[in-house]
Every structure is written in structure tokens, then in C-alpha cells.
Ligand SMILES: Cc1ncc(COP(=O)(O)O)c(C=O)c1O
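Residue numbers (this note's numbering): 748 to 1165.
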């Protein structure tokens, strides 16, 4: 029997919600439905399945029958139900990657000639989409450098409105790799004011990849859609690519329709892997956050390190701290630090690291470490990188689940090379 979400904690829902053994021959765990298409007992059932998918269910009508795996399939259904409940949303759409989720979302929400605003820094793939491909449709993007400051956000919104109708406010919070934070509720209030003034309220989309559903609930702060790269903490083992967007049933339905056109749904095998990984999300989050806190403290005191951008270190009394305390339930486990010196010193340290793996990405069981300027932000012009606080000594670390003593010993010996 599927659990009733009411009164259950997210940690519990992450384990079983969305899968009912009684509907799957009593299988304790989800079978994987490796089929591209589905068979109907009658023509009317086939017609109804298509009507429900394209027009939405009538009042009191349940989900329709499956059609074709690019549109929907049982494993997709299970993972979407579970992700929606974790996000506190009516529905969720899962995609073949985080970028597939973001591209589909922005293509669904924007019209030619629209403008958008976005928090800076933002993931380079998102940046490339907004300032690259979307410009082919006349979309103009305006960055917000301080997304906890109302006046700064308003200034970006005013520039955007002067350039075209404001369709989307795209927020990544906390940001990669500087931990810059955005005030989602304040941004939503500005979106509402724009709606009142212009008759079109911009849609607030939050990329929640860095904290995830257990540490931040963007919808509860006024976001319309919350997006996540499942590749990171939800997948949790650096062995899959997936993404998801949650929100109202109506908005998610329009994303599913476009996903069908683009063909970027999440396949059965990967849906199953995500479901399995979600079962340990709470435990992994707990352990990686505890490890990250200890490593951040170790780095902060280290003579070869000049700065650590760990959310837990936000200065008491600062606007960022106030937003963090209100909006986030934890500091997460990916952050950056700055080595004393530049690229040469950073490379010397990275080449000495033995236990942590030198790789981009984050959120896996293993600790990953990389030099931001020459890897994840390689394509970002130097001036823009520096403007948002990424210099040549910046190193990003995604802290994993290893024993903390081993991690600190590894970093300690590597820092001696600086
Ligand atoms: C914050 C953020 N959003 C989106 C993405 C894109 O996700 P994916 O690699 O699953 O396409 C990434 C990837 O690193 C990311 O860090």
C-alpha cells in the first residue's frame, strides 16, 4: 500500500513513497519496466489515455494508462511521485539530465523577445543556455550580483523590463562554487509586483541542486518551480545523469508535453536507480554535511588557506546569514576555498591529493575536488569569474562519506605542497 504522505517525515517518504508492491505482483522493490510501448484492452481506453495525457484528468479522474515510454512509464511515475512529495509539490517531471530539465523549463516558459533575470554566479550550463542558445529567440538575460539585496534585484528587473516582457526569474541558491545565497521570498515578492504592474507575472524558478530537498524547500518560499540535477546528491554515487522540476500540476503538465517533444524523459533503468538512491539520501546528507563542517573548520584554520566560502561561516548579523537561517536547514557539503597564491599553488595541492578524486561534479559518495577557474568555470571570461569571487586560487570540494580523519589527513598532506 502506498504511504499516506500526511504526517510522515521527508526521510521516511524518501524511502517508500510512490511505489505500491500490491500493484506490482507483490514485489518488495520496484520492477524495471523495459518496454517502449504499452498495450490497451480496448480502443476507448487508448483514447482516454491520450486525452488524460494531453488535456489533463477530469475532476476526480486518476492518472491515465501508460502510452509510450517517451511520454510516461511506470518507473518514471514512481520517481516523479517521490520527488514531488519531497518537494512539497503537486507534480514533478523527471528528465534525462539537469540540463534537459533546465532547457525544457526555460523553453516552455519563455517567448521570443522576452527578458529574464538570473542570480550570479550560476552554473555554466545554465549561463550558456540563457546567454547563448536563447538569444537566438531574442531572449535577453540580466544578471543579479547580490540576490539578497532588494535594490540590486529590482535594478536588474528594471533593466530586463526595459528590454522586453520579463518571463522568468532564474535563481540558483546557494550558487556554485561561491555559496552566494538568494532570498527566494523577496524575489517572489518582486515577481508579484511586476505581475501587478505589467499584467504578466514572471515565473520564479529555483535550482536547488546544491542543498537538495532535505535542506531547502524553494516552493515553500514562493518559487513556482524547483529544479534539481539528480545527477548530484539524489543520485548520490556519481553513476547516473538525471534532472527534475516540481511545481503545480498545470505547470508540470506543460513541461511534460514539451519533454515529449524534445524526447528528454528519464529512462526506466535510471528512474529505478534514482528511486534506490533516494532511500539513502537522508543518511548520506547527514554524513556528508558533518564531514563538510569538519573540513571547512580545518581549512579555515590552515595557514595555506586564505578564505573558505562555507555557508555555515556566513557572518552573524549579515543579510546573507538572515536569509540562510530562515531558508536553509543545513549548510550542505559542497563549498570552495582559496589557497594562498594562484593557479600554480592550487595545482600543486591538487596534484598531491590522494584520497579525494580530482573531478568535476558533486554529491557522490566519494569526495571530489577541482580547480574552479580551469574546469567548471573554464568557459566563463576571467573578468566575470573574478566579479563573482572565483579567482585562480579557488578550489571546489564536494565532501563525501569517507572517514573524516582520512579526509583531513589527505588534505593536510596535500596542502604541504603549496
Ligand atoms: C547547480 C547545477 N545545476 C544544474 C546542473 C546540470 O545538471 P546535469 O549535469 O545533471 O545536466 C549542474 C551540473 O553540474 C549544476 O551544478
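Ideal placement from N, C-alpha and C gives every residue a C-beta, glycine not left out.
No experiment lies behind these values; they were computed from the predicted model shown.
Residue 976 places its beta carbon less than 9 Å from that of residue 990. In this model, residue 879 and residue 1063 are separated by some 38 Å (Cα to Cα).
Between the C-alpha atoms of residue 841 and residue 1084 there is a straight-line separation of about 33 Å.
Remark: C-beta atoms of residue 869 and residue 954 approach each other more closely than 9 Å. One Cα belongs to residue 957, the other to residue 1100, and the distance between them is close to 23 Å.
By the CB criterion at 9 Å, residue 925 and residue 1144 fall outside the cutoff. The segment 878–896 and the segment 828–848 do not touch, with fewer than three beta-carbon pairs separated by less than 8 Å. Of the residues assessed, residue 776 falls on the exposed side of the cut-off, its CB having fewer than 16 other CB atoms within 10 angstroms. With respect to the C-alpha of residue 779, the residue from 798, 1067, 1013 having the closest C-alpha is 1013. Here residue 1077 carries a coil assignment [DSSP, helix/strand/coil].
Contact fails between the segment 996–1012 and the segment 1025–1032, because fewer than three Cβ pairs, one in each stretch, are under 8 Å apart. At the C-beta level, residue 928 and residue 894 come within 9 Å of one another. The beta carbons of residue 941 and residue 971 sit no closer together than 9 Å. Counting only residues of its own chain and dropping the five nearest sequence neighbours on each side, residue 930 has a CB closer than 7 Å to the CB of 894, 895, 1070. With a threshold of 16 other beta carbon atoms within 10 Å, residue 1074 meets it and is buried. According to DSSP, residue pairing for residue 839 in a beta bridge involves 993. Assignment of residue 954 by DSSP, reduced to helix, strand and coil, places it in the strand class.
The Cβ-Cβ distance between residue 1115 and residue 1032 does not fall below 9 Å.
DSSP lists 1084 as the beta-bridge partner residues of residue 1055. Rounded to whole angstroms, the separation of the alpha carbons of residue 800 and residue 806 is 14 Å. The alpha-carbon separation between residue 810 and residue 762 amounts to approximately 22 Å. Judged by the Cβ position, residue 998 fails to qualify as a neighbour of ligand 1 at the 8 Å threshold, every heavy atom of the ligand being at least this far. In terms of Cβ geometry, residue 849 and residue 873 form a close pair [threshold 9 Å].
With contacts defined by Cβ atoms closer than 9 Å, residue 965 and residue 920 form a contacting pair. No Cβ-Cβ contact shorter than 9 Å links residue 946 with residue 911. Here DSSP, grouped into helix, strand and coil, assigns residue 1122 to coil. With 16 or more neighbouring CB atoms inside 10 Å of its own CB, residue 1086 falls in the buried class.
Residue 1117 carries a strand assignment under DSSP once its states are collapsed to helix, strand and coil. Separation of residue 901 and residue 973 (C-alpha to C-alpha, rounded to the nearest whole angstrom) is 22 Å.
Assignment of residue 758 by DSSP, reduced to helix, strand and coil, places it in the helix class. Excluding five sequence positions before and after residue 1088, the CB atoms of its chain that fall closer than 7 Å to its own CB belong to 1140, 1165, given in chain order. Residue 870 has its Cβ nearer than 8 Å to a heavy atom of ligand 1. It is roughly 20 Å from the alpha-carbon of residue 1134 to the alpha-carbon of residue 1065. In the structure shown, the three-state DSSP call for residue 844 is coil.
Proximity of the beta carbon of residue 846 to ligand 1 is indicated: a heavy atom of the ligand is located closer than 8 Å. Inclusion of residue 1110 and residue 982 in the CB contact set at 9 Å is warranted, their separation being smaller than that value.
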